[in-house]
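Written below as structure tokens is the structure these notes are about.
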Amino acid sequence: MKITPLDIQHKVFDTQWRGYHKTQVDQFLEEIAESVEELTKDNLVLKEKLSGKDDEVGQLKRAETTLTSTLISTQSFVDQLKHGAQRDADLLVKEAELKAEEILAQSRAELAEMRRMISTLKQQRALVLDRLRLTLSSFHRLVEIEERPDDAFEGEGEPEMSAERASHREAG
């Protein structure tokens, strides 16, 4: 059973022959009633404050939960970004490596083609030089034949030489 300040003020004690002094008891009861009333008011104020603090704690817990959730979401997002960036970087490196290999292969193919062309040009040059030597040699013989005195041909197959001279003159 809960005792209120009113219960204390209205409490009546039985009297006995050598009991307590009634005025002092009443006065003390009045003081106790006032103290209990003040304590009750203080208790009410404290309960209201506690209730307010409980609300604040609840709000702070909800804010903490929200912040924790946001932090977890943000961390997850950052991890996804890092993973995506790493994947993109790896892909770029792979593409660059493939492109470099492609360029190297193309350069090697071009080098092989140039070497083949150089070899072909050297062969063609050698053929042209051989033909030029042969042509020059033929012209040289023709010049020698033309420079011989006509009497050197007397008696030596002159008709054949005339035909040879005629063919060289047409060529030249």
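Each residue of the sequence shown is one higher than the last, beginning at 1 in full-length UniProt numbering. Ideal Cβ positions, reconstructed from N, Cα and C, are used throughout, including at glycine. None of the values given here were measured: they were computed from a predicted structure.
Residue range of the alpha helix (DSSP H) that includes residue i
| i | result |
| --- | --- |
| residue 215 | Outside the shown range of the chain, which is 1 to 172, sits residue 215, and nothing can be said about it. |
| D7 | P5 to H10 |
Cα-Cα separation, residue i to residue j
| i | j | result |
| --- | --- | --- |
| L60 | N43 | 25 Å |
| K2 | T66 | 43 Å |
| T120 | A126 | 10 Å |
| D7 | A63 | 46 Å |
| K94 | L71 | 34 Å |
| D90 | A105 | 22 Å |
| K41 | D55 | 21 Å |
| K53 | E34 | 28 Å |
| L129 | S137 | 12 Å |
| L134 | I103 | 46 Å |
| L142 | R131 | 16 Å |
| A96 | D88 | 12 Å |
| E146 | H140 | 10 Å |
| K47 | K22 | 36 Å |
Beta-carbon separation (whole angstroms), residue i vs residue j, contact threshold 8 Å
| i | j | result |
| --- | --- | --- |
| V36 | P5 | 5 Å |
| K11 | L29 | 6 Å |
Own chain residues within Cβ distance below 6 Å of residue i, not counting five before or after
| i | result |
| --- | --- |
| I32 | I8 |
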